[in-house]
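*Asks:*
In the numbering used here, the protein residues as written are 305 to 955.
1. With three or more beta-carbon pairs closer than 8 Å as the criterion, would you say the region 528 to 535 touches the region 372 to 384?
2. Between residue 795 and the rest of its own chain, which residues show a CB-CB distance below 8 Å, the 5 nearest in sequence each way excluded?
3. Can you give the beta carbon distance from residue 369 to residue 749, rounded, assuming they're within the 8 Å contact cut?
4. For residue 341 and residue 628, I'd like the C-alpha separation in whole angstroms.
5. Among 786, 575, 793, which one has its Cα closest to the Cα of residue 808?
6. To the nearest angstrom, report how far apart residue 638 and residue 580 are at their CA atoms.
7. Can you tell me which of the three DSSP states residue 601 falls into?
8. So is residue 557 buried or exposed if we call it buried at 16+ other beta carbons inside 10 Å?
9. Count the other CB atoms, across all protein chains shown, that sit within 10 Å of the CB of residue 651; report buried if there are 16 or more and exposed otherwise.
10. If contacts are defined as beta-carbon pairs under 8 Å, then residue 803 and residue 842 qualify, I think. What distance do you get, rounded to the angstrom?
11. Excluding the five sequence neighbours on either side, which residues of its own chain have a C-beta within less than 6 Å of the C-beta of residue 781, listed in chain order?
12. So, residue 523 versus residue 578, is the Cβ gap smaller than 7 Å?
13. Can residue 402 and residue 550 be called in contact, C-beta distance under 7 Å?
14. May I ask you to verify whether the region 716 to 733 touches the region 354 to 370, counting CB pairs closer than 8 Å and requiring at least 3?
15. Are the beta-carbon atoms of residue 391 and residue 512 separated by less than 7 Å?
16. When the Cα of residue 853 is compared with those of 826, 810, 607, 553, which residue comes out closest?
17. Check this for me: beta carbons of residue 670 and residue 626, under 7 Å apart or not?
18. Per DSSP, what are the beta-bridge partners of residue 499 in this structure?
19. Measuring alpha carbon to alpha carbon, tell me which residue in 723, 765, 859 is nearest residue 691.
20. When we look at the beta-carbon of residue 330 and count the other beta-carbons within 10 Å, is it buried (16 or more) or exposed?
21. What's the call for residue 614, buried or exposed, on a 16-neighbour Cβ count within 10 Å?
22. Quick one: using the 10 Å Cβ neighbour count with 16 as the cut-off for buried, is residue 817 buried or exposed?
23. Assign residue 589 to buried or exposed, taking buried as 16 or more other Cβ atoms, counted over all protein chains shown, within 10 Å of its Cβ.
24. Counting C-beta neighbours from all protein chains within 10 Å, is the total for residue 657 16 or more, i.e. buried, or is it exposed?
25. If you follow the alpha helix (DSSP H) that residue 310 is in, where does it begin and where does it stop?
26. Which term fits residue 601, buried or exposed, when burial requires 16 or more other beta carbons within 10 angstroms of its beta carbon?
27. Can you grab the Cα-Cα spacing for the pair residue 431 / residue 507, in whole Å?
28. Tell me which residues share the same chain as residue 870 and place their Cβ nearer than 8 Å to its Cβ, disregarding the 5 neighbours each side in the sequence.
29. If I'm right that residue 765 touches residue 345 with Cβ under 8 Å, what's the distance once you round it to whole angstroms?
30. In chain order, what residues of the same chain lie with their CB nearer than 7 Å to the CB of residue 784, ignoring the 5 residues before and after it?
31. Please report how far the alpha carbon of residue 824 lies from the alpha carbon of residue 618, in whole angstroms.
32. Taking the C-alpha atoms as reference points, what is the distance between residue 874 and residue 885?
33. Using only CA atoms, which one of 672, 554, 575 lies nearest to residue 520?
34. Tell me which same chain residues have a C-beta within less than 6 Å of the C-beta of residue 409, skipping the five on either side of it?
35. Between 510, 698, 771, 793, which lies nearest to residue 384 when the distance is taken from Cα to Cα?
36. Return the Cβ separation of residue 631 and residue 696 in integer angstroms, given the expectation that the two are a contact with Cβ distance under 8 Å.
Structure below.
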């Protein structure tokens, strides 16, 4: 068993071509502000806790699978448990005595909380579950009775789907008021004891800190430029229901979080080196030349996505801009943003002021849009795409745009290579789809396949099965370049092509991100830099909305010319290194060394040069020894530099 809390199913880890598809889609958007990403989002209540089972081992598997298959935004229902003074994931309070008893169990059991009991009784059950012997009791008070139960019966019937009750709330699934009780057994396949409080089965480990622990292991496991991605965590804040009446609405929270137990303290606990905070955002906005502009030329932010002004000292600043993913990940070495979502009235007395230097305010990381979706999956209202607009307007501003995905009835054995139409169309309309239904009658630890189909459907770039493997081709340029296929089984998606084919080129305006045209003439890929008209550049769509505008422009040109266009080149290739997709005709792969390097030339060194190198090495050795002796006398002061050793920075 893995010692890491991040431990997805082996089959959930993306492999070619899907791993390349997701990575290359990330790479083409690295220079776009992060608020224009259309990342797949999921409610953990729907995907992991749909059946009122809050088991730590099952949740770690569920959350790990969701991370592995490509979800980037997570909605988390967090409950303030005033008795234990912690931010819990269990909707009801867990009595401290129950937590202590659970921690002492040596076999999977369920401790049942009985409200308003005079004492706490701890019991053990035989393997047959026939008899229980009282082991001890503690004095009374408001502490409930705990009874140990073991049952070999199967889990109860489960609803195939659960959906949020509010069509306008981009949060998770609201807890059902059904009288159905949870299974009396721990989750099958997991060695874990549980505490039954009303209709909830909870592990005392289930807390916001536990999520942070899993994320910390995930970041450690994916800390290279090949695998790194940016996540968002949206916290919906609640008060935990009283264990004396767990099925009733939670009371007004008393005993509010103390200093050291605030939301910011939990986030900083394990994630302090990975969180991009509001304080960092404001500092960057006030000093663009020392932050977002202080990067290599190929990582400079794209033009047209936010306003730039000049301050009193004539330095560029912005009041509404956001950094790019390239800057956050590869310059600041950060991986996650945390924001506030819905806040229950019961938590209105909690002062969030101190959290706001670490956690973004409500609405800063999401702008919810109402949409109407036909049974065919087409958006009939709410789409952010407007073909008449070449730039970003108030009506087409898709900054942090999200919307609820419709209720999806998916087979447990769904083929993930067949896109879900509604999810693909939401993404193409410039919004991130939020999954707040349980798919295939199972949580993601039980069956991740339907959830995988959801994330695959948010790929707005490659056609299913693309990109094709280019490492085995005999032809030097076969499948090394990329075109948008305007016809065929997957129209308006990317496919690999032979770079020597003659096609027209896509050309983007140098000033307006949504203004596109085509080159007048066709040519091989290698002539693309000279093909576009003045004021335009041969490039690649960087967002789903950019691609939507490009497709619309091509459609208009076809209508005017009367000549069909089958495929057009985009500026994306793997010529330098097979299966490493980069932007630019002469671009080099940032992830791997070239395959055509003459290794013999790297090894053979002329004798004279070898002698010189040897002499210099000896001299350097003695100098460093003397230096180290001096440093030891002064005392050691070693600086620990946080961050990652990256394999390269995508171009």
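Using N, Cα and C, we set each Cβ at its ideal position, and we do this for glycine too.
*Replies:* In short:
1. yes
2. 789
3. 6 Å
4. 10 Å
5. 786
6. 6 Å
7. helix
8. buried
9. buried
10. Incorrect: roughly 14 Å between the Cβ atoms, too far for contact.
11. 802, 803, 804
12. yes
13. no
14. no
15. yes
16. 810
17. no
18. 415, 506
19. 859
20. buried
21. exposed
22. buried
23. buried
24. exposed
25. Unbroken run through residue 310: none, as it is neither H nor E.
26. exposed
27. Low per-residue confidence applies at residue 431: pLDDT is 34, beneath 50, and the placement is therefore not dependable, though the value from the model is reported in the following sentence. Approximately 21 Å between the Cα atoms of the pair.
28. 789, 790, 791
29. At roughly 19 Å, the Cβ-Cβ gap does not stay under 8 Å, so residue 765 and residue 345 are not in contact.
30. 774, 803, 877, 878, 879
31. 41 Å
32. 12 Å
33. 575
34. 497
35. 510
36. Actually they are not in contact, since the Cβ atoms of residue 631 and residue 696 sit about 20 Å apart, beyond 8 Å.
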